[in-house]
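See below for the structure under consideration.
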Amino acid sequence: EAGVTQSPTHLIKTRGQQATLRCSPISGHTSVYWYQQALGLGLQFLLWYDEGEERNRGNFPPRFSGRQFPNYSSELNVNALELEDSALYLCASSFLPSTSGLAKNIQYFGAGTRLSVL
Amino acid sequence: QKEVEQNSGPLSVPEGAIASLNCTYSDRGSQSFFWYRQYSGKSPELIMSIYSNGDKEDGRFTAQLNKASQYVSLLIRDSQPSDSATYLCAGSFSGTYKYIFGTGTRLKVLA
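See the structure below:
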């Protein structure tokens, strides 16, 4: 069974440009989460999508946005790129347990997209 | 503000020893905790999840949760050089499905 897949592996952009990152969740998973991991820092929660809707958002400016498609894959868009946006962007997926409770919400991560802003 | 805190390390242990990694959290309403291992430049991989007070063992790994004291720990027995990585503690808190991650503890197992 395929895990979470992300593309591209690496992305190089210049300041002011836009970046689009893609994520395909594990088959059967409906939730997709995006995290930013800047060099030497922990994972910072960006966005959570479930069933096509944005469910929660971290403390990031509006130029970070995304969407989830009917097949549950997701895109993260970063507009007006800044140098400090350079980081590893990780996508995770889980299924939302309707009856088994919050405790079963295990997130599985993809390999990430390394974004470099020059 | 919900927080999860870890000592950044590095924590150095000799091969064969027990490595003890600790994590504290600020929200008493927390429900679930997860330990991930992350090798340099790679994505996090799940090691253990723990939901109830007490110990949970899986092979060489034991997770411990104490909700009264608000800490979670991970013990690695018979540490191997291949265990050298950053260990991330994450909590899933009441009212949300998102994780709050600690900054991670870097573990070095010396051969």
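Protein chains in written order, with this note's numbering: chain A, 1 to 118; chain B, 119 to 229.
Built from N, CA and C at the ideal position, the CB exists for glycine as well.
This one's a predicted model, so the numbers in the text were calculated from it and none came from an experiment.
Straight through space, the alpha carbons of B:Ala-135 and A:Gly-52 are spaced by roughly 47 Å. A direct Cα-to-Cα measurement between A:Ala-87 and B:Asp-176 gives close to 33 Å. Looking from the CA of A:Ser-27, the closest CA among A:Arg-55, A:Ser-93, A:Pro-8, A:Gln-6 belongs to A:Ser-93.
Contact annotation for B:Phe-219 against chain A: Gly-42, Leu-43 [CB-CB distance below 7 Å, chain order]. Taking 9 Å as the cut-off, the Cβ atoms of B:Pro-162 and B:Leu-228 do not count as close. In the three-state scheme derived from DSSP, where H, G and I count as helix and E and B as strand, B:Pro-132 is classed as strand. Shown here for B:Gln-182: same chain residues with a beta carbon closer than 6 Å to its own, the five before and five after excluded, namely Asp-173, Ser-191 in chain order.
The Cβ of A:Arg-55 sits closer than 9 Å to at least one Cβ of chain B. For the C-beta of B:Leu-164, the chain A residues within less than 9 Å are, from N- to C-terminus, Ile-106, Gln-107, Tyr-108, Phe-109.
In terms of CA proximity to A:Asn-105, B:Phe-152 leads the group B:Thr-223, B:Arg-224, B:Phe-152, B:Leu-193. Separation of A:Ser-73 and A:Leu-46 (C-alpha to C-alpha, rounded to the nearest whole angstrom) is 16 Å.
A:Gly-112 reaches chain B at Ser-161, counting residues in chain order whose Cβ is nearer than 7 Å. Collapsing the DSSP output to three states places A:Asp-85 in a helix. For B:Thr-180, the closest C-alpha among the options B:Ser-126, B:Ser-130, B:Asn-140 is that of B:Asn-140. By the 16-neighbour rule on beta-carbons within 10 angstroms, A:Ala-80 is exposed. Using a Cβ distance threshold of 9 Å, A:Phe-69 and A:Val-78 do not count as a contacting pair. Ranked by how close their Cα comes to the Cα of A:Arg-22, the residues A:Gly-112, A:Val-117, A:Ser-116, A:Leu-118 have A:Gly-112 in first place. At least 9 Å separates the CB of B:Lys-226 from every CB of chain A. Counting along the chain, B:Ala-203 sits inside the beta strand (DSSP E) bounded by residues 203–211. The secondary-structure analysis by DSSP pairs B:Glu-123 across a beta bridge with B:Thr-142. Taking every protein chain shown into account, the CB of B:Ser-197 has 16 or more other CB atoms within 10 angstroms, so this residue is buried.
Around the beta carbon of B:Pro-128, fewer than 16 other beta carbons lie within 10 angstroms, which makes this residue exposed.
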